[in-house]
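Engineer: I'd like to ask you about the structure that follows.
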Amino acid sequence: MDILHEQSQTNSMSRESWELFGSHRSRISDLICRAAGNLPPAVLSADARPSLAIFGGGNGNDLDVERLLQTFGRIHVFDLDPNALEHFRQRHCQSALAKDVIQIEPATDLSGIVTELDQYPLNATDAYAEALAQKARRVDGVIEGRQFDVVVSTCILSQLINCVLKSVGDEHRHKNFLMIAIRDGHLKLMAKAIRAQGYGLVITDFVSSDTLPQLHSADDDESVLTIARQAIEERNFFTGTLPWAIKDSLAKMLPESTERPWEIHQPWKWQIGRDRSYLVTAIEFAKSF
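Sequential numbering from 88 applies to the sequence shown in the working numbering.
As structure tokens, then:
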């Protein structure tokens with residue numbers, strides 16, 4: 088299994104979906120800019136604009152980059168797929184302002200274990216799985232100690248988790264263990280990357296129309312919310328992406344701010360193709376130290 092090749096193919100197929108992503112892009116960009124606006128004044132110097140790190144920038148279809156350029160003084164884009172990053176560069180980094188503000192980072196494995204998953208033996212021992220899980224939980228080293236005022240994970244968490252499923256299959260006894268390790272490692276990476284008094288946003292898709300076909304007909308926020316509640320009650324969601332489980336995992340790493348309460352935002356529908364949609368939500372949290 089060549090996970091990078093498969094991810095690159097997926098990105099390639101969605102590359103021309105700019106119009107389809109419109110409402111999804113607007114929601115995400117609203118949340119990012121709102122987080123920047125909520126930063127305490129003491130975080131920034133008098134004339135500085137905040138910094139932003141985007142984990143899973145991909146093709147950039149789910150980001151209103153022109154709007155972000157008006158809000159942030161530095162934007163760092165991280166992704167595994169070098170082809171998607173190059174597309175991001177070609178589409179969004181042509182103006183003088185964009186070239187000055189946006190830093191496209193070298194292709195980065197945000198799970199820390201893609202290479203090992205590509206070669207995962209079906210007869211792997213529990214000790215082997217534990218060693219791999221430990222590596223996934225230490226992925227925060229990939230940013231080399233850098234910190235940012237706002238850090239956003241843009242629907243990359245489900246992709247990282249799905250790398251396990253692609254590698255070991257749905258029936259392997261280590262599947263859930265490795266998926267949760269990748270999730271917790273990614274959340275630890277975010278927590279480490281946020282500067283004191285900064286904000287984090289985990290934007291995550293948590294179920295698709297493949298198992299929730301009624302999502303196709305949801306055309307307003309109220310019907311989307313009703314369908315989301317039904318999916319959660321029936322435990323119809325991707326392993327590791329339940330918003331409350333993500334919040335609980337973050338709570339073990341960061342104390343919840345009393346002045347800036349954490350928030351799980353109302354879910355929305357993301358139409359990724361003509362025949363597939365996802366339910367998406369955002370977990371917003373503040374780092375108080």
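For every residue, glycine included, the Cβ atom is placed at its ideal position computed from N, Cα and C.
It should be emphasised that the depicted structure is a prediction, and the values quoted were computed from it without experimental measurement.
Please classify Gly199 as buried or exposed, where buried requires at least 16 neighbouring CB atoms within 10 angstroms.
Structural biologist: For the purposes of this step, residue 199 is identified with residue 112 of the sequence shown, where counting begins at 1. Flag for Gly199 reads buried.
Engineer: For the alpha helix (DSSP H) holding Asp117, just list the boundary residues, first then last.
Structural biologist: Taking the sequence shown and counting its residues from 1, the one referred to as residue 117 is at position 30. Here the alpha helix (DSSP H) through Asp117 covers Gly109 to Gly124.
Engineer: Output the distance between the C-alpha atoms of Ala185 and Arg178, rounded to the nearest integer angstrom.
Structural biologist: Taking the first residue of the sequence shown as position 1, residue 185 is located at position 98. Taking the first residue of the sequence shown as position 1, residue 178 is located at position 91. C-alpha separation (whole angstroms): 10 Å.
Engineer: Nearest to Pro400 by CA position, among Leu247, Gly285 and Glu309, is which residue?
Structural biologist: Residue 400 is absent from the model: the chain starts at 88 and stops at 376.
Engineer: Restricting to Cα atoms, I'd like to know which of Met340, Leu299, Gly327 and Thr326 is closest to Ile314.
Structural biologist: Looking up residue 314 in the sequence shown gives position 227. Among Met340, Leu299, Gly327 and Thr326, the Cα nearest to that of Ile314 belongs to Leu299.
Engineer: Judging by CA-CA distance, which residue of Asp149, Ile90 and Cys120 is the nearest neighbour of Phe108?
Structural biologist: The sequence position of residue 108 within the sequence shown is 21, counting from 1. Cα-wise, what sits closest to Phe108 is Asp149.
Engineer: Using only the alpha-carbon positions, how far apart do Arg112 and Asn210 sit?
Structural biologist: If you number the sequence shown from 1, residue 112 lands on position 25. If you number the sequence shown from 1, residue 210 lands on position 123. Computed Cα separation, rounded: 42 Å.
Engineer: Check whether the stretch 162–175 touches the stretch 189–198, counting contact only when three or more Cβ pairs, one atom from each stretch, lie closer than 8 Å.
Structural biologist: Result yes; three or more Cβ-Cβ pairs closer than 8 Å.
Engineer: Following the continuous alpha helix (DSSP H) through His273, name the residue where it begins and the one where it ends.
Structural biologist: Mapped onto the sequence shown, residue 273 falls at position 186. Here the alpha helix (DSSP H) through His273 covers Lys262 to Ala280.
Engineer: Run through the stretch 191–228 for me and flag every whole alpha helix (DSSP H) of 4 or more residues, listed as ranges in chain order.
Structural biologist: Counting only runs of 4 or more, we get 201–205 and 213–224.
Engineer: Quick one: what's got a C-beta closer than 7 Å to Ala268's C-beta in the same chain, skipping five residues either side?
Structural biologist: Taking the first residue of the sequence shown as position 1, residue 268 is located at position 181. Excluding sequence neighbours, Ala268 sits near Ala220, Ala223 and Arg224.
Engineer: With a threshold of 8 Å, are at least 3 pairs of Cβ atoms found where one atom belongs to the stretch 236–251 and the other to the stretch 304–319?
Structural biologist: As far as the Cβ criterion goes, the stretch 236–251 does not touch the stretch 304–319, which means the pair count is below three.
Engineer: Specify, as a first and last residue, the run of the beta strand (DSSP E) that Ala140 falls within.
Structural biologist: On the sequence shown, position 53 is the one that residue 140 refers to. Segment Ser138 to Phe142, the beta strand (DSSP E) holding Ala140.
Engineer: Short check: CB of Leu337 to CB of Leu274, under 7 Å?
Structural biologist: Counted from its first residue, the sequence shown places residue 337 at position 250. Counted from its first residue, the sequence shown places residue 274 at position 187. Yes, the Cβ-Cβ distance between Leu337 and Leu274 is below 7 Å.
Engineer: Apart from the five residues just before and just after Ile243, which ones in its own chain have a Cβ nearer than 7 Å to its Cβ?
Structural biologist: By one-based count along the sequence shown, residue 243 stands at place 156. Counting only Cβ-Cβ distances below 7 Å, and skipping sequence neighbours, we find Phe142, Gly143 and Leu197.
Engineer: For Tyr365 versus Ser254, is the C-beta spacing smaller than 7 Å?
Structural biologist: Translated into the one-based positions of the sequence shown, residue 365 becomes position 278. Translated into the one-based positions of the sequence shown, residue 254 becomes position 167. Contact: no.
Engineer: According to DSSP, is Gln284 part of a helix, a strand, or is it coil?
Structural biologist: The count along the sequence shown starts at 1 and reaches residue 284 at position 197. Three-state result, Gln284: strand.
Engineer: Enumerate in chain order the residues of its own chain whose CB-to-CB distance from Gly327 is below 6 Å, with the five nearest sequence positions on each side excluded.
Structural biologist: In the sequence shown, residue 327 corresponds to position 240, counting from 1. So the qualifying residues of the chain are Ile248, Met266, Ile267 and Arg270.
Engineer: Is DSSP giving Asp236 helix, strand or coil here?
Structural biologist: The residue given as residue 236 occupies position 149 in the sequence shown. In the structure shown, Asp236 sits in a strand (DSSP, three-state: E or B).
Engineer: Which of the three DSSP states, helix, strand or coil, is assigned to Ser295?
Structural biologist: Here residue 295 refers to the residue found at position 208 of the sequence shown. Strand, per DSSP.
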